[in-house]
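S.K.:
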Amino acid sequence: MDIAIALTPDPIQPPIHSPGRETGAVLEFQGLVRGSEGEVAISALQYEVYEPMAGKVLREILEKLGAAHPCQAVTVIHRYGLVPVGEPAIFVRVESAHRGEGLALLEEFMKQLKTAVPIWKVASVKC
Amino acid sequence: MDIAIALTPDPIQPPIHSPGRETGAVLEFQGLVRGSEGEVAISALQYEVYEPMAGKVLREILEKLGAAHPCQAVTVIHRYGLVPVGEPAIFVRVESAHRGEGLALLEEFMKQLKTAVPIWKVASVKC
Amino acid sequence: MPAPIRVLFFASARDAVGCAERTLPCAEEGWTEAILWEHLLGAFPALVPLRASVRLAKNHEYLMAGSRIFPGDEVALIPPVSGG
Amino acid sequence: MPAPIRVLFFASARDAVGCAERTLPCAEEGWTEAILWEHLLGAFPALVPLRASVRLAKNHEYLMAGSRIFPGDEVALIPPVSGG
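Written as structure tokens, this is what we have:
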């Protein structure tokens, strides 16, 4: 399974994608910063990342998940620093022969991301 | 839940999307035509659709799923006629506050699409 | 004389019958699903092997158990679908 | 004299300690996780309330049960994560 991981302080640009002839399912997920936290309107969230460890843990998670749910390619981009409301903090693309493996991998990946990858929302900017 | 449905003989152009301030998850799925059927290399699949009924059934499915898994907006585009290998036959976008509802809706939608919506792969074009 | 019912054939049903659309004269008091199938299989014997897998729709909705078909209705033969 | 260990503080751990990085002198034979925590809590009492929720990483991997920390290692305090 091809794995591409990027951690970047810049706005996420989903990379151009040219699926292979045997790709039957392309799933893309974007997690956007929402405009409120509890009852408070915000304009941005601040993310912090422990970059070398986050990259390593992301790769380990994806390698294990790729063995359980064989997919063809996974791309993960996580932004850090200040991310404005409405913009993606994370982008995930999964390419697979059939949608079942892709959905399973994406769902499990997001769960593990949120328990194991050293990335934090550290502050919000009020409107 | 906003529902947009299109059935088209033309290449699918995912519509420009501007999520609302409370959208936290955008999921996109594309089902592509794969380059082989069994052991045979193909260059395209021919889809047939019973258009008025397909549109109606798609809407009914999405309305029911939106009650079970509240999302903000769903867009479905299904292409018919000849769809070349590597191009999407279906595009689905789900916008929701959190990814859980979106993933549940997408997964269930694809299952019901494949059992209830009058669209058929009727022929393949060998390479 | 009552309007005929319009019958649409899709995918393998169309291939079996050799046409996409036909009309069938229908009694004013309508037909049950079973009677409709009798007429269909009588008119199109090639449908016999498809009978078990084909669902019927009336006016763009799957036929509910107990529904009747009346003159002027649009009926469609829906073989197992394979979209996506 | 052995190299110190490098300790990195993230998110709430950084807020509690007031800095992102410190060094701690470490004995040549290394420390168990329990001994490391003793040193950390002694040097940074503000970490006490975070102790239960913070995981430790060594050289970019979560510390395994029974692992030891040696001079020159990079240790990180990982409060509950919240990416995505």
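Residue numbers (my numbering), protein chains in the order written: chain A, 1 to 127; chain B, 128 to 254; chain C, 255 to 338; chain D, 339 to 422.
In this text, a Cβ means the ideal position worked out from N, Cα and C, and glycines have one as well.
(1) Residues of chain A with CB closer than 7 Å to the CB of D:His398, please, in chain order.
(2) Note down, in chain order, each residue of its chain lying with its Cβ closer than 6 Å to the Cβ of B:His196, except the 5 sequence neighbours on either side.
(3) Could you say if the segment 106-113 of chain A and the segment 85-94 of chain A meet the contact criterion of at least three C-beta pairs nearer than 8 Å?
(4) List, in chain order, every chain B residue whose beta-carbon is nearer than 9 Å to that of A:Pro19.
(5) Could one say the Cβ of C:Ala300 lies closer than 7 Å to chain B's Cβ atoms, at least one of them?
(6) So C:Asp269 is in the alpha helix (DSSP H); what residue range does that whole segment cover?
(7) Could you tell me the boundaries of the alpha helix (DSSP H) in which B:Arg226 lies?
(8) Please classify A:Thr75 as buried or exposed, where buried requires at least 16 other C-beta atoms within 10 Å of its C-beta.
(9) Taking the alpha carbon of A:Ala97 as the point to measure from, which residue in B:Gly165, B:Tyr177 and B:Glu222 has its own alpha carbon closest?
(10) Quick check: A:Leu32 and B:Gly193, are their CB atoms within less than 7 Å of each other?
(11) Report yes or no: is there a C-beta of chain A within less than 7 Å of the C-beta of B:Val153?
(12) Taking 6 Å as the cut-off, is the C-beta of A:Thr8 nearer than that to any heavy atom in the ligand FMN?
(13) Taking C-beta pairs closer than 8 Å, name the residues in chain A that B:Gly193 reaches, listed in chain order.
(14) Mind checking if D:Ser420 is an interface residue toward chain A, Cβ cutoff 7 Å exclusive?
(15) Does the beta carbon of D:Ala349 sit closer than 7 Å to a beta carbon anywhere in chain A?
(16) Taking 7 Å as the threshold (C-beta atoms), are A:Ile61 and A:Ala6 in contact?
(17) Against chain C, does B:Lys253 count as a neighbour if the rule is that its beta carbon must be under 7 Å from one of theirs?
M.R.: By the coordinates alone:
(1) Residue numbering aside, residue 398 of chain D sits at position 60 when the fourth sequence is read from its first letter. Simply Pro52, Met53 and Lys56.
(2) Within the second sequence, the letter at position 69 stands for residue 196 of chain B. When the five nearest sequence neighbours on each side are left out, the beta carbons in the same chain lying within less than 6 Å of the beta carbon of B:His196 are those of Glu228, Ala231 and Leu232, in order along the chain.
(3) Below 8 Å, enough C-beta pairs join the segment 106-113 of chain A and the segment 85-94 of chain A to call them touching: three or more.
(4) If you number the first sequence from 1, residue 19 of chain A lands on position 19. Listed along chain B are Gln157, Leu159 and Gly213, each with a C-beta nearer than 9 Å to that of A:Pro19.
(5) If you number the third sequence from 1, residue 300 of chain C lands on position 46. No, C:Ala300 does not count as interfacial toward chain B.
(6) Here residue 269 of chain C corresponds to residue number 15 of the third sequence, with the count starting at 1. Residues Ala265 to Val271.
(7) As a working note, residue 226 of chain B is residue 99 in the second sequence. That run of the alpha helix (DSSP H) goes Arg226 to Ala243.
(8) On the first sequence, position 75 is the one that residue 75 of chain A refers to. Under this definition A:Thr75 is a buried residue.
(9) Start at 1 with the first residue of the first sequence, and residue 97 of chain A comes out as number 97. Cα-wise, what sits closest to A:Ala97 is B:Gly165.
(10) Start at 1 with the first residue of the first sequence, and residue 32 of chain A comes out as number 32. Start at 1 with the first residue of the second sequence, and residue 193 of chain B comes out as number 66. No; because the gap between Cβ atoms is not below 7 Å, this pair is not in contact.
(11) Residue 153 of chain B sits at position 26 when you count from the first residue of the second sequence. Answer yes: the Cβ-Cβ gap between B:Val153 and chain A drops below 7 Å somewhere.
(12) Of the ligands one can find in the structure shown there are none, so the ligand FMN has no counterpart to examine.
(13) Reading the second sequence from its first residue, position 66 is the one you call residue 193 of chain B. The contacting residues do not exist; B:Gly193 stays about 19 Å from chain A at best.
(14) Counted from its first residue, the fourth sequence places residue 420 of chain D at position 82. Yes, D:Ser420 lies at the interface with chain A (some Cβ there is under 7 Å from its Cβ).
(15) Residue 349 of chain D sits at position 11 when you count from the first residue of the fourth sequence. In terms of beta-carbon proximity, D:Ala349 lines the interface with chain A, with at least one pair separated by less than 7 Å.
(16) Reading the first sequence from its first residue, position 6 is the one you call residue 6 of chain A. Reading the first sequence from its first residue, position 61 is the one you call residue 61 of chain A. Against a cut-off of 7 Å, the Cβ pair of A:Ile61 and A:Ala6 comes out as no contact.
(17) Taking the first residue of the second sequence as 1, we reach residue 253 of chain B at position 126. No, its Cβ sits nowhere closer than 7 Å to a Cβ of chain C.
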